[in-house]
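J.: First the structure, then my questions, so here it is.
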Amino acid sequence: MSSAGRSDQCRPGWRCTWAGLAPEKLLRALLLQALYSVRSERQLMKQLDYNLLLRWFVGLSMDAPISDASTFSKNPDRRLDGDVAQRLLAAVVAQPRIKALMSDEHFSVDGTLIQA
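Note that our numbering gives residue 677 to position 22 of the sequence shown, counting from 1, and the numbers run on in steps of one.
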C-alpha cells in the first residue's frame with residue numbers, strides 16, 4: 656500500500672492492524688460482524704466490499720481497498736490493543752441514556768425455551 660493510501664487509514668504514531676487499518680476502524684468492523692451476525696471474516700469482507708453504509712460506519716472511503724479475509728483473521732489476539740475496546744465501552748456506558756438501562760440485578764439464561 657502506498658504511503659498516500661495508508662495516510663487516510665492509519666495516522667502516524669498509531670499502532671495499526673489489519674493491513675494498515677487503525678484499531679478504531681477495526682473495532683467498528685468487528686462490531687458490524689457481531690451486530691449483523693456475519694458468520695465469518697470472509698463474509699464481512701464481502702459485505703464491506705459492496706455495502707456503502709457499512710464502509711461509512713467503519714470509516715472507509717468508497718474506493719478504499721478491502722483486505723483479504725485471511726489478513727483479518729490472522730492473530731486474533733492482536734486484533735486490537737486492549738484499551739481501544741475498553742475506552743469505547745466505557746464511553747458508551749457513561750452516557751446518561753445507557754446508565755438508565757443498566758441494573759445490578761443478576762440475569763442469566765441457560766438456553767432453554769422460555770414460554771411467554
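Even glycine gets a Cβ: it sits at the ideal position worked out from N, Cα and C.
(1) Looking at C-alpha atoms only, which residue of V748, V693, S728 and K701 is the closest neighbour of I721?
(2) Any idea if A749 is buried or exposed, counting beta-carbon neighbours within 10 angstroms, 16 or more meaning buried?
(3) Is it right to say P678 is buried, meaning 16 or more other beta carbons lie within 10 angstroms of its own, or is it exposed?
(4) Are the CB atoms of L743 and L709 nearer to each other than 8 Å?
(5) Are there 16 or more other CB atoms within 10 angstroms of the CB of L690, so buried, or fewer, so exposed?
T.: Taking the coordinates as given:
(1) K701
(2) exposed
(3) buried
(4) no
(5) exposed
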